[in-house]
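The sequence shown lines up with residues 34 to 303 when you count with our numbering.
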Amino acid sequence: MGRLDGKVIVLSAAAQGIGRAAAIAFAKEGAQVTATDINGEKLRELDGIQGIRTKVVDVTKKDQVEALAKEHDRVDVLFNVAGFVHHGSILDCEEADWDFTMNVNVRSMYLMSKAFLPKMLEKKSGNIINMASVASSIKGVVNRCVYSTSKAAVIGLTKSIAADFIEQGIRCNCVCPGTVDTPSLRGRIQAQPDPEQAYKDFMKRQKTGRMCTAEEVAHLCVYLASDESAYVTGTEHIIDGGWRLNLRLERHKEGNSPPMANPTPQLYLL
Numbered sequence: 034m035g036r037l038d039g040k041v042i043v044l045s046a047a048a049q050g051i052g053r054a055a056a057i058a059f060a061k062e063g064a065q066v067t068a069t070d071i072n073g074e075k076l077r078e079l080d081g082i083q084g085i086r087t088k089v090v091d092v093t094k095k096d097q098v099e100a101l102a103k104e105h106d107r108v109d110v111l112f113n114v115a116g117f118v119h120h121g122s123i124l125d126c127e128e129a130d131w132d133f134t135m136n137v138n139v140r141s142m143y144l145m146s147k148a149f150l151p152k153m154l155e156k157k158s159g160n161i162i163n164m165a166s167v168a169s170s171i172k173g174v175v176n177r178c179v180y181s182t183s184k185a186a187v188i189g190l191t192k193s194i195a196a197d198f199i200e201q202g203i204r205c206n207c208v209c210p211g212t213v214d215t216p217s218l219r220g221r222i223q224a225q226p227d228p229e230q231a232y233k234d235f236m237k238r239q240k241t242g243r244m245c246t247a248e249e250v251a252h253l254c255v256y257l258a259s260d261e262s263a264y265v266t267g268t269e270h271i272i273d274g275g276w277r278l279n280l281r282l283e284r285h286k287e288g289n290s291p292p293m294a295n296p297t298p299q300l301y302l303l
């Protein structure tokens with residue numbers, strides 16, 4: 034018997050990183066998983082894994098999200114993962130950067146939750162998990178202005194949904210990782226003028242001596258998706274190796290790369 038036997042789970046950003054690890058972990062525990070992403074080529078790598086169905090969906094597009102919801106008679110767990118990391122302070126953040134980040138990191142969760150929540154309310158049972166971050170209202174992080182703002186909004190959205198629908202059998206929680214070793218992070222490191230120094234700078238803030246793995250975050254997500262967490266709602270679940278405990282201002286910099294005025298959709302993944 035798996036911890037998620039019989040549960041139907043839909044998640045975004047499943048092609049790599051945390052989303053991919055979570056999709057695999059959900060399926061291993063017996064769930065029927067619909068794994069979505071905009072990167073069809075990477076997403077197809079999940080084809081053939083028992084319990085996983087893949088579908089290319091841009092979760093920033095209302096019509097695509099609504100079409101996805103119509104394909105499901107029932108959804109037990111919705112896991113909103115899609116996100117984008119912008120580098121820079123408010124002075125480095127152009128309006129296009131702000132709008133893009135908020136669209137991917139917050140509006141996508143609004144669209145997905147609004148589309149799938151009515152199906153949960155029909156069954157008087159449902160579970161929404163949102164991907165937030167320690168870089169949010171939890172901890173001020175250098176050069177993460179719009180990203181941190183968007184993730185603070187995710188925490189607020191999570192608590193709002195939890196409060197509004199607790200009496201209708203709906204739970205809503207968010208996951209707040211620190212630095213997670215994902216393809217997205219590695220790509221951002223390699224894009225810096227001095228990747229080796231950028232990597233060292235990241236490691237300086239890891240008091241445990243290592244980064245978190247996507248699989249470790251997935252373990253937490255399995256718990257939140259399961260009935261083991263049935264009495265848990267409206268909460269931030271921090272998994273950061275104690276990073277938030279370091280209260281001094283960290284002048285961590287990834288490098289001097291300019292802010293991205295036209296981020297590519299491939300960077301949705303964390």
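We treat Cβ as the ideally placed atom computed from N, Cα and C, and that holds for glycine.
For residue 153 and residue 267, what's the separation of their Cα atoms in angstroms? For the purposes of this step, residue 153 is identified with residue 120 of the sequence shown, where counting begins at 1. For the purposes of this step, residue 267 is identified with residue 234 of the sequence shown, where counting begins at 1. One C-alpha to the other measures close to 17 angstroms.
Under 8 angstroms between C-beta atoms of residue 244 and residue 213: Stepping through the sequence shown from its first residue, residue 244 is reached at position 211. Stepping through the sequence shown from its first residue, residue 213 is reached at position 180. Cβ distance < 8 angstroms, so residue 244 and residue 213 count as in contact.
Is the CB-CB distance between residue 262 and residue 37 below 8 angstroms? If you number the sequence shown from 1, residue 262 lands on position 229. If you number the sequence shown from 1, residue 37 lands on position 4. No, Cβ-Cβ distance for residue 262 and residue 37 is not below 8 angstroms.
Outcome for residue 196 when other beta-carbon atoms lying within 10 angstroms are tallied against a minimum of 16: Taking the sequence shown and counting its residues from 1, one reaches residue 196 at position 163. With fewer than 16 other CB atoms across the displayed protein chains lying within 10 angstroms of its CB, residue 196 is exposed.
Taking the continuous alpha helix (DSSP H) assigned at residue 164, which residues delimit it? Position 131 of the sequence shown, counted from the first residue, corresponds to residue 164. It is not in any alpha helix (DSSP H) - residue 164 instead sits in the beta strand (DSSP E) that spans 159 to 164.
Tell me the DSSP secondary structure of residue 47 in three-state form. Within the sequence shown, numbered from 1, the residue matching residue 47 stands at position 14. For residue 47, the secondary structure class from DSSP, reduced to helix, strand or coil, is coil.
Beta-carbon gap between residue 164 and residue 113 smaller than 8 angstroms: What you label residue 164 is simply residue 131 of the sequence shown in a count that begins at 1. What you label residue 113 is simply residue 80 of the sequence shown in a count that begins at 1. Yes. Within cutoff.
I'd like the list of long-range same chain contacts for residue 201, defined as Cβ closer than 7 angstroms, with 5 residues on each side in sequence excluded. The residue you call residue 201 lines up with position 168 of the sequence shown. Here the set comprises 154 and 157.
Skipping 5 residues on each side, what residues in its chain have a beta carbon closer than 6 angstroms to that of residue 90? On the sequence shown, position 57 is the one that residue 90 refers to. Excluding sequence neighbours, residue 90 sits near 69, 97 and 101.
In DSSP terms, what residue 88 is bridged to: If you number the sequence shown from 1, residue 88 lands on position 55. DSSP lists 69 as partners of residue 88.
Thinking C-alpha only, which one of 255, 137 and 34 is nearest residue 95? Start at 1 with the first residue of the sequence shown, and residue 95 comes out as number 62. Selected option, being the one with the closest Cα: 137.
Spatial neighbours of residue 144 within its chain, please: C-beta separation below 6 angstroms, excluding the five flanking residues on both sides. Here residue 144 is taken as the residue at index 111 of the sequence shown, counted from 1. Cβ within range, chain order: 95 and 98.
Considering just the uninterrupted stretch of the beta strand (DSSP E) at residue 110, what are its terminal residues? The residue labelled residue 110 in the question sits at position 77 within the sequence shown. Bounds of the beta strand (DSSP E) holding residue 110 are 110 to 113.
Please decide whether residue 211 counts as near chain B, where near means a Cβ-Cβ distance under 8 angstroms. The question asks about chain B, but that chain is absent: this structure has only one protein chain.
Around the Cβ of residue 109, are there at least 16 other Cβ atoms within 10 angstroms (buried) or fewer (exposed)? By one-based count along the sequence shown, residue 109 stands at place 76. With 16 or more other Cβ atoms from the protein chains shown falling within 10 Å of its own Cβ, residue 109 counts as buried.
Residues near residue 273 in its chain [Cβ-Cβ closer than 6 angstroms; skip 5 each side]: For the purposes of this step, residue 273 is taken as residue 240 along the sequence shown, with counting starting at 1. Closer than 6 angstroms at the Cβ level, and outside the excluded window around residue 273, lie 167 and 211.
Using DSSP bridges, identify the partner residues of residue 206. Along the sequence shown, read from residue 1 onward, the residue named residue 206 stands at position 173. As computed with DSSP, residue 206 is found in a beta bridge with 162.
Quick one: what's got a C-beta closer than 8 angstroms to residue 270's C-beta in the same chain, skipping five residues either side? Start at 1 with the first residue of the sequence shown, and residue 270 comes out as number 237. Apart from sequence neighbours up to five positions away, the residues of its chain that approach residue 270 with a beta-carbon distance below 8 angstroms are 206, 207, 208, 209, 253 and 257, ordered along the chain.
In this structure, how does DSSP classify residue 134 when only helix, strand and coil are distinguished? Here the question's residue 134 lines up with position 101 in the sequence shown. Residue state, collapsed to three classes: helix.
Exposure of residue 190, with buried meaning 16 or more beta-carbon neighbours within 10 Å: Numbered from its first residue, the sequence shown carries residue 190 at position 157. Buried, because 16 or more other Cβ atoms sit within 10 Å of the Cβ of residue 190.
With DSSP run on the structure shown, which of helix, strand or coil describes residue 266? To locate residue 266, count along the sequence shown from 1; it is residue 233. Coil.
Where the alpha helix (DSSP H) through residue 149 begins and ends: Taking the sequence shown and counting its residues from 1, one reaches residue 149 at position 116. Following the DSSP letters along the chain, one finds residue 149 inside the alpha helix (DSSP H) bounded by residues 141 to 156.
Indicate the three-state DSSP secondary structure (helix, strand or coil) for residue 41 in the structure shown. The count along the sequence shown starts at 1 and reaches residue 41 at position 8. The three-state reading of DSSP puts residue 41 in strand, counting E and B together.
Cβ pair residue 111, residue 161 closer than 8 angstroms: Position 78 of the sequence shown, counted from the first residue, corresponds to residue 111. Position 128 of the sequence shown, counted from the first residue, corresponds to residue 161. Contact flag set, yes.
How about residue 134 and residue 120: do their beta carbons lie closer than 8 angstroms? By 1-based counting over the sequence shown, the position of residue 134 is 101. By 1-based counting over the sequence shown, the position of residue 120 is 87. With respect to residue 120, residue 134 sits apart: the two C-beta atoms are not nearer than 8 angstroms.
Between which residues of its own chain and residue 66 is the CB-CB distance below 6 angstroms, once the five residues before and five after are set aside? In the sequence shown, the residue the question calls residue 66 occupies position 33. Closer than 6 angstroms at Cβ, skipping near neighbours: 42, 56, 59, 60, 84 and 85.
Helix or strand or just coil, what does DSSP make of residue 282? Mapped onto the sequence shown, residue 282 falls at position 249. Low per-residue confidence applies at residue 282: pLDDT is 42, beneath 50, and the placement is therefore not dependable, though the value from the model is reported in the following sentence. Coil, per DSSP.
Residue environment, residue 103, which counts as buried when at least 16 other CB atoms sit within 10 Å: The residue you call residue 103 lines up with position 70 of the sequence shown. By the beta-carbon neighbour count (other beta carbons within 10 angstroms, threshold 16), residue 103 is exposed.
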